[in-house]
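What follows is a single structure, written as structure tokens, with notes after it.
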Amino acid sequence: MTDTRTGHIYKIVCSKSNDVYVGSTLNALRTRMAQHKRAFASGNGLAIYSAFKQHGWESLHMILIDTYEVVDRKHLMMYETLWFNKLKGINKNTPFQIKKKVTAKVDMASQSTKRERELEREKVRKAKAEAAAKSRAEYLDAVEAEAKLKAATPFIRSKQQEWYAERKRITREYRSPYKLPAGSAKVIELERDPEIIKSLVSYRMPSLQEIIDHDIKILESRK
Numbered sequence: 001m002t003d004t005r006t007g008h009i010y011k012i013v014c015s016k017s018n019d020v021y022v023g024s025t026l027n028a029l030r031t032r033m034a035q036h037k038r039a040f041a042s043g044n045g046l047a048i049y050s051a052f053k054q055h056g057w058e059s060l061h062m063i064l065i066d067t068y069e070v071v072d073r074k075h076l077m078m079y080e081t082l083w084f085n086k087l088k089g090i091n092k093n094t095p096f097q098i099k100k101k102v103t104a105k106v107d108m109a110s111q112s113t114k115r116e117r118e119l120e121r122e123k124v125r126k127a128k129a130e131a132a133a134k135s136r137a138e139y140l141d142a143v144e145a146e147a148k149l150k151a152a153t154p155f156i157r158s159k160q161q162e163w164y165a166e167r168k169r170i171t172r173e174y175r176s177p178y179k180l181p182a183g184s185a186k187v188i189e190l191e192r193d194p195e196i197i198k199s200l201v202s203y204r205m206p207s208l209q210e211i212i213d214h215d216i217k218i219l220e221s222r223k
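Its first residue numbered 1, the sequence shown is counted upward by one per residue in full-length UniProt numbering.
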């Protein structure tokens, strides 16, 4: 057997007008009336309160219409709708219209939240894809740079060996900045190469051009 609850259909009437509000509750009528009073005082809640405002709360009275055994709130609202239509209540909407509007608002809010979540997920996916692409590009650049370095290493080493051998020979034969050994111009040119400059810095050696300039300056100062 289905469990049932006692539901009440009531009306709120205004003694100074012909306005009637039809409502329903599963609680005691005094409890429901107290809820109406709090909402009336705060100005929140049902639209009927604005219609009753001009006459004041004291002009309102709750009257029990009928009591029904119902299985749930929806069942009770069916009876409320019947009495609403019969008494032509001033409710802004019928009970099921209210529920429909509330449901529609909830659905709209749910859809909005769903769209926001989808947009957020799309942003995260896009950010991850961009980060992955950037990381891959950086990795490929590093691989390419390393490959170029490996390919150039034999040439660099060969050039450095050539420079070092010529440099060593010239410094042994060097006597005057005004009479340079053969091949000096080539060594000076090699020492403008970035890789050779690194070697000079690493060995803490002056370039051949710096040695020549220094010696010329000394000789000029003695004149």
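For glycine and all other residues, C-beta sits at the position ideal for the given N, C-alpha and C. Computed from a predicted structure; not experimentally measured.
DSSP links residue 24 through a beta bridge to 9. Within the same chain, Cβ atoms closer than 6 Å to the Cβ of residue 184 are found at 170, the five residues on either side in sequence being excluded.
In the three-state reduction of the DSSP assignment, residue 66 falls in the strand class. The alpha-carbon separation between residue 188 and residue 135 amounts to approximately 42 Å. Residue nearest to residue 176 within the set 27, 220 and 28 is 220 (criterion: CA-CA distance). Residue pairing from DSSP leaves residue 36 without any beta-bridge partner. Relative to the Cα of residue 174, the nearest Cα in the group 160, 212 and 186 belongs to 212. Between the stretch 55 to 66 and the stretch 13 to 29, the count of C-beta pairs closer than 8 Å reaches three or more; the two stretches touch.
A residue is called buried once 16 or more other Cβ atoms fall within 10 Å of its Cβ, and residue 12 is buried on that count.
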